Amino acid sequence: MDYESYFDAKLRKNGNSLIITIPTETIEKLNLKLNDILEIALNKAKKTKK
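Residues in the sequence shown are numbered from 8 upward in steps of one, following the working numbering.
And the structure:
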């Protein structure tokens, strides 16, 4: 079963690894579990002024 979800994620560095943080709401919506294999397409978001 295919699912598609768009969300803002955070990218950070941890040692030699890059970590992508997925919001909890998205994980719950897609019913993701640890060790699930994900297909991810990356796009750089436009910065917005705060």
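All C-beta atoms in this analysis are idealised placements derived from N, C-alpha and C, irrespective of residue type, glycine included. In this text, all values refer to a predicted model and were calculated from it rather than measured experimentally.
- Would you kindly report the start and end of the unbroken alpha helix (DSSP H) that includes Ile26? Careful: Ile26 lies outside any alpha helix (DSSP H), inside the beta strand (DSSP E) at Ser24 to Thr28.
- Query: Which residues in the same chain have their Cβ closer than 8 Å to the Cβ of Ile47, if we skip the five residues on either side of it in sequence?
  - Reply: Ile27
- Item | Assumed close pair Leu41, Ser12 - CB separation to whole angstroms, cut-off 8 Å | That belief does not hold up - the Cβ atoms of Leu41 and Ser12 are roughly 18 Å apart, past 8 Å.
- Task: Can you tell me which of the three DSSP states Lys36 falls into?
- Result: DSSP places Lys36 in helix when its eight states are reduced to three.
- Query: Who are Leu18's beta bridge partners in DSSP?
  - Reply: Ile27
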